[in-house]
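Participant: Heads up: the sequence shown begins at -11 in the numbering used here, then just goes up one per residue. For glycine and all other residues, C-beta sits at the position ideal for the given N, C-alpha and C. Predicted model only: the values in this text are computed from it and were never measured. Shown below is the structure under consideration.
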Amino acid sequence: MDEAMFQGKIVRLIAIEKKPEEALDALCAHYRVEKPTLRIGLPKGEKKALGCYVHKERAIYMSSEEYLFDPYVLIHEFYHHLRHVNGKHRGTERHARDFALTFLRNAQTSGDRPL
């Protein structure tokens, strides 16, 4: 499976099949990293974010169940996990956005539209 097809599959798993844990399993296998914990609700001090990654816990927090099925938010936070476990911590917001948008674009071109 090429990269664009893989990315389309991830978006489909999250948005259409409602299987974010399975999507995380596939992402972690693909990028060869350990799986972060996935939690609903934000950690203390976070009030406005749709999702966030807490590197000390290696956990992705989603503000609500609704965002658990939002491929942009989940893939964006996974990117932060990927950067952390690979030892790179700087300049990641723009890169996380671009990483997630690439998945969404490839899902559209491969016919795996999230909505």
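1. Which of the three DSSP states is assigned to Val42 in this structure?
2. Tell me Tyr19's beta-bridge partners as DSSP assigns them.
3. According to DSSP, is Pro102 helix, strand or coil?
4. In the DSSP assignment, find the unbroken beta strand (DSSP E) run with Arg27 in it and report its ends.
5. Does DSSP put Ala95 in a helix, in a strand, or in coil?
6. Leaving out the 5 sequence neighbours to the left and right, which residues in its chain are closer than 6 Å to Arg101 when beta-carbon positions are compared?
Facilitator: To lay it out plainly:
1. In the three-state scheme derived from DSSP, where H, G and I count as helix and E and B as strand, Val42 is classed as strand.
2. The partner list for Tyr19 (beta bridge, DSSP) is empty, contrary to what the question assumes.
3. A caution first: Pro102 carries a pLDDT of 48, below 50, which makes its placement in the model too unreliable to give a value.
4. Element bounds for Arg27: 25 to 28.
5. Three-state result, Ala95: helix.
6. Reliability of the predicted coordinates at Arg101 is poor, the pLDDT of 49 falling under 50, and the value obtained from them is presented with this limitation in mind. There are no such residues.
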